[in-house]
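In the working numbering, the protein residues as written are 1 to 537.
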């Protein structure tokens, strides 16, 4: 079929391919276009075409997928009219498809992964990898680096756990030297306190502090900071409790370096008539049961599936397995009313605290018939430290725990506690503590893992009076981002956690608050090559 136009463009003839037969002849009427119409048409196109080019450039730069409304119809149509179709949408869809396939597929065994981004770029240039191979390489590199980071983090946590559980050489040597002093120096063996001050030990007009520790250095800082911060240091009496092996060194230190005008008494666990096997059978079992010893002193990695946990959970498990939690010294606070039968009100301090303010007002706090004045740890500005509820300490999948406790109940802190011993003696707190601790031992520690606080949270339920958080600031042993201004304002700062200030792993910016109370007479610790080492006087 052929088309033939006449010379005047007024007729069109449609004929067969051989040209002999005219199939159709069409006459076209004359079409006259005025100059005015032509001018307006040209003028319109002159205004329209710049906009078309601008829209085409925008679509090219921004991507056609970013525009989906009816208002963008012109932007979609413009490039197509000009023969400029944007394939970015199709490329993105193809890339997503490849990523999904690579995500579910197996990384080829023979795929050699580069060790750095520069090497990846170099390999891409040299080997001209396709998109699928490139995606597999990216996935393989990310999984490799993630595994290396996890392994490094777990190793760091293990090393930190061992560092926190060990006794630094300087502190060990200090204890040995003071023990030797006790055996060779009569002054180191003198009675504490002197005979004329013995009545003060049971005089309730004084402010009685109780400190249970086997760390001589830490004990000296607690006592020194409390005495120096007090407005009435002559009214302070410290009752220091230690174990049998540390008793000679602890006695020697406070005999040779009295905390005058305060009074200090040092007693070993073996010197308390109340602490017999008959009175503390559960704690005897805690220290001697083989399974418990293996749990706290055994291999903490053997048999553990690190792939099923994360570093934060692993760190919590390691902290819960600190050997200090099976120490009798750590459980002694539950026996304070029986160990000191003549005292009415005491303040109990952990050995990793520093007193920065006069604590005399604590004896004026009305506990409203409660036993334990403590800072609650479920509310506060620091969401990391002050966010502890019962769910953080107990296994609520255990039926006994689920039946008796509320996971949202607010927890409180050990470390600085005001105990009303008169109110305590009329309760069954000790019996409740023993009962739950015995049950947890029988159930192979399945109700809770972390030492002394969980059974105390149960035993003291209904007997806790919240005190102002400014009295006791926690977290300096595991919270690196502790607010320094808040530290300065707190009455007592607590280095609870692994990073104790006397260890190399302590936080340097928080250590000065503790170090300033270290006695210059203590054969003490001097900074040398980044480590704390013992030096002579």
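Beta carbons are placed, not taken as given, at the ideal position from N, Cα and C, and that holds for glycine.
Look at the beta carbons and you see the stretch 198-209 touching the stretch 339-348: at least three pairs across the two are nearer than 8 Å. In the three-state reduction of the DSSP assignment, residue 490 falls in the coil class, being assigned neither a helical nor a strand state. Taking the CA atoms as reference points, residue 516 sits about 18 Å from residue 258.
Within the DSSP secondary-structure output, residue 208 pairs in a beta bridge with 237, 346. A straight line joining the alpha-carbon of residue 376 with that of residue 173 spans about 38 Å. Residue 471 holds the alpha-carbon nearest to the alpha-carbon of residue 349 among 488, 471, 138, 200. With a cut-off of 8 Å on Cβ pairs, the stretch 426-438 is not in contact with the stretch 474-487, counting fewer than three such pairs.
A straight-line Cα-Cα distance of about 44 Å links residue 103 and residue 454. In the three-state reduction of the DSSP assignment, residue 125 falls in the helix class.
The Cβ neighbour count for residue 105, taken over all protein chains shown within 10 Å, is under 16; the residue is labelled exposed.
The criterion of a C-beta distance shorter than 8 Å is satisfied by residue 236 and residue 262. Assigned with DSSP and collapsed to three states, residue 112 falls in coil, not helix or strand. Closest in alpha carbon position to residue 213, among 221, 398, 242, is 242. Between residue 392 and residue 401, the C-beta spacing is not below 8 Å. The criterion of a C-beta distance shorter than 8 Å is not satisfied by residue 269 and residue 245.
Going by beta carbons, residue 215 and residue 351 fall inside the 8 Å limit. Of all C-beta pairs linking the stretch 174-190 to the stretch 127-147, fewer than three are shorter than 8 Å, placing the two stretches out of contact. Contact between the stretch 454-470 and the stretch 406-419 is present: three or more C-beta pairs spanning the two stretches fall below 8 Å.
Restricting attention to alpha helix (DSSP H) runs no shorter than 4 residues, the stretch 444-488 encloses them at 453-459, ordered along the chain. Annotation for residue 193: 200, 201, 263, 264, 265 place their beta carbon closer than 8 Å to its own, counting only its chain and skipping 5 residues before and after. Between residue 492 and residue 353, the gap from beta carbon to beta carbon is short of 8 Å.
DSSP places residue 173 within a helical segment (H, G or I) once states are collapsed to three. For residue 338, no beta strand (DSSP E) segment is defined; the enclosing uninterrupted segment is the alpha helix (DSSP H) at 336-339. Under DSSP, residue 419 forms a beta bridge with 346, 372.
In the DSSP annotation of this structure, the continuous segment of the beta strand (DSSP E) that includes residue 263 starts and ends at 263-268. For residue 355, the enclosing beta strand (DSSP E) stretches over residues 353-355. Rounded to the nearest whole angstrom, the C-alpha separation of residue 267 and residue 169 is 25 Å.
The C-beta distance from residue 447 to residue 404 rounds to 10 Å, too long to fall under 8 Å, and the pair is not in contact.
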